[in-house]
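In short: position in the sequence shown from 1, add 851, done, that's this note's numbering.
Think of the CB as a built atom: it goes at the ideal place given N, C-alpha and C, for glycine as much as any other residue.
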Amino acid sequence: MSSNWEVSTTSHKGRYIRAKLPLTRGTLVLKSDPFAYTVTNKQKALRCSACLKASEGLRGCGRCKKLYFCNSQCQRRAWPRHKQECKAICASQKVALDAMSIVCHAVWRAAADKKTLFDSDFGVLQSNRRLQSTDDDVAQAPTAMLIRTYLESSGIEASQIPSIGDAMNALSVIKTNSFTILDDEMMECGVGIYPLASNFNHSCDPNVVITFNGFELQARLIRNVHTGDEMTISYIDNAKPREERRNQLRKQYYFNCDCSLCGDTQMDDTHLAFRCQQRVGGNQCDAMVPFDDGKQLVGDDALCSQGHVQSITGDRMNSTAQHLDDKITEAKSVSESDRAIQMCDEVMCTGRKILFKYNTQLTAISSATCDIAINHGRFDKAYDYGMDGTRGLYRILSDGFDPRLGIQEKGRGICERGG
Ligand SMILES: C[S@@+](CC[C@H](N)C(=O)[O-])C[C@H]1O[C@@H](n2cnc3c(N)ncnc32)[C@H](O)[C@@H]1O
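As structure tokens, then:
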């Protein structure tokens, strides 16, 4: 697979991956097991710590009793990477939080290879610590100290335990390079370090997507590439509006994105646009009322892309749209099915009326109401709500080759079958 591509460097972006020959979309360009990985803290009681699969019949580790496994086979397979963790958990009676856990797993993995952390494959990964604010650096110090205590109680040699400074560097490496491991439904289940895949740079309009089979990372092309083309992935949710994406990239990865999507303000208009409020031939016009200069205000005389004058102000549209998120939060906590569905109906009715079909928020409320309806066993409603997601934004991102679209289509299939 790596004969298809090579790692190269530029002064602007550092290392990057480029195609050595023309490749077609769908090509699996990289398959990789993690250097280190961990189940997320939120999921640790629901999933096997070895294979990351969710299961109802999990068995707790007989010693630490805090992590779970599918069966004795998974437990045996996990033992080489769980044994030090098990000692540390027994000593502290706590499972480490995600960032700390992945650093510790990386140290144990390096130790198993008879190396220190920064002499191992982990050591080649980019750290952005020097770009971190002093506040961020100071905030990391207590975790770095806890990492040392945890590692000391895990029984590895003192020479393999990183200093406080190195533990802080390791936390910065994690911030820039860790991958969130997703299951088949794209639910977060783990965090992993995959040094080869860390050579992918970011684009909000990528040509590669990452998916997981258990903890194995798979990178596939979603567009054709020519010889020499850079292969990129999206580090963030690229369905978010431009400013939100760019802020997250600056905060977590310390760069200003100059990808084609960030340069395309028209696309951003569609992410944030409202729907025309005029009726044409008995139906509501489908055209977009564009995002206005970052203020999301459309005046009384703003026009839709078909030239219709708008009668509702942008302020009113905006406050109605904000109210939809509160309604969803409320609907999630309602246990009575008819009431929850009634609330979802109201949210979708208003959302469809005021939000343009490619608006990020319409995609989000469509997914959320679909999930709520599935939880209440109302597959007819879930199908109806989910339609807006599948017709919407994910269709135009990544030329329609977006894994989220696949998940939505699968959900629609399940709803059609009635569960
Ligand atoms: C996971 S690393 C990617 C590989 C990295 N270029 C290297 O040399 O190791 C993430 C870092 O790469 C750089 N990077 C990734 N995508 C970029 C982009 N589109 N523009 C500028 N820098 C980027 C940033 O410094 C970011 O923090």
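Got a sec, what are the start and stop residues for the beta strand (DSSP E) residue i sits in?
{"i": "T1064", "result": "For clarity, residue 1064 is Asn in the given sequence; the question names Thr instead. Residues 1059 to 1064."}
{"i": "T1027", "result": "Unbroken run through T1027 is the alpha helix (DSSP H), 1015 to 1028; no beta strand (DSSP E)."}
{"i": "Y888", "result": "887 to 890"}
{"i": "R1101", "result": "First-last for R1101: 1093 to 1104, but that is the alpha helix (DSSP H), not the beta strand (DSSP E)."}
{"i": "E1008", "result": "Taken as a continuous stretch (DSSP letters only), E1008 belongs to no beta strand (DSSP E), as it is neither H nor E."}
{"i": "L881", "result": "879 to 883"}
{"i": "T860", "result": "856 to 861"}
{"i": "R898", "result": "No beta strand (DSSP E) holds R898; DSSP gives it neither H nor E."}
{"i": "R869", "result": "865 to 870"}
Let me confirm a value: residue i is counted as buried when at least 16 other C-beta atoms fall within 10 Å, else exposed. Which label applies?
{"i": "K895", "result": "buried"}
{"i": "L879", "result": "exposed"}
{"i": "I1012", "result": "buried"}
{"i": "A990", "result": "exposed"}
{"i": "L948", "result": "exposed"}
{"i": "T1121", "result": "buried"}
{"i": "S1085", "result": "buried"}
{"i": "V1042", "result": "buried"}
{"i": "P993", "result": "exposed"}
{"i": "P1307", "result": "Residue 1307 lies beyond the range of the chain shown here (852 to 1270); nothing can be said about it."}
{"i": "S923", "result": "exposed"}
{"i": "V946", "result": "buried"}
{"i": "G913", "result": "exposed"}
{"i": "G1228", "result": "exposed"}
{"i": "G1202", "result": "buried"}
{"i": "W959", "result": "buried"}
{"i": "L982", "result": "exposed"}
{"i": "R898", "result": "buried"}
For residue i, which three-state DSSP category applies?
{"i": "K916", "result": "coil"}
{"i": "I1216", "result": "helix"}
{"i": "E1036", "result": "coil"}
{"i": "G1041", "result": "strand"}
{"i": "G911", "result": "strand"}
{"i": "K1208", "result": "coil"}
{"i": "A1070", "result": "strand"}
{"i": "Y1086", "result": "coil"}
{"i": "H1053", "result": "strand"}
{"i": "E1081", "result": "strand"}
{"i": "A1153", "result": "coil"}
{"i": "L903", "result": "coil"}
{"i": "V946", "result": "coil"}
{"i": "L982", "result": "helix"}
{"i": "N1169", "result": "helix"}
{"i": "H1227", "result": "coil"}
{"i": "T1121", "result": "helix"}
{"i": "V1160", "result": "strand"}
{"i": "T967", "result": "coil"}
{"i": "F1252", "result": "coil"}
{"i": "S997", "result": "At residue 997 the sequence reads Leu, which differs from the Ser that was named. Correct three-state label for L997: helix."}
{"i": "L1175", "result": "helix"}
Thinking C-beta only, is residue j closer than 8 Å to residue i?
{"i": "C902", "j": "C921", "result": "yes"}
{"i": "D1080", "j": "R1263", "result": "no"}
{"i": "M996", "j": "I1015", "result": "yes"}
{"i": "S978", "j": "S1023", "result": "yes"}
{"i": "R876", "j": "I1073", "result": "yes"}
{"i": "C1127", "j": "Q1161", "result": "yes"}
{"i": "A1172", "j": "Q1129", "result": "no"}
{"i": "T1027", "j": "H956", "result": "no"}
{"i": "D1056", "j": "S1111", "result": "yes"}
{"i": "R1246", "j": "L1256", "result": "yes"}
{"i": "M1168", "j": "I1192", "result": "no"}
{"i": "F973", "j": "A961", "result": "yes"}
{"i": "E1036", "j": "I1258", "result": "yes"}
{"i": "N1210", "j": "L1123", "result": "yes"}
{"i": "P885", "j": "Y1104", "result": "no"}
{"i": "T891", "j": "E1008", "result": "no"}
Does ligand 2 have even one heavy atom less than 7 Å from the beta-carbon of residue i?
{"i": "G865", "result": "This structure does not include ligand 2; its bound ligands are ligand 1."}
Residue i lies in the alpha helix (DSSP H); which residues open and close that run?
{"i": "S923", "result": "923 to 943"}
{"i": "A963", "result": "949 to 963"}
{"i": "I1247", "result": "1244 to 1247"}
State the beta-bridge partners of residue i as determined by DSSP.
{"i": "M1139", "result": "R1126"}
{"i": "N1134", "result": "V1131"}
{"i": "V1076", "result": "L874"}
{"i": "T1116", "result": "Answer by DSSP bridge pairing: none, since T1116 is not bridged."}
{"i": "T1031", "result": "V1042"}
Using a Cβ-Cβ distance cut-off of 8 Å, determine whether residue i contacts chain B.
{"i": "S1217", "result": "In the structure shown, chain B cannot be found, because there is only a single protein chain."}
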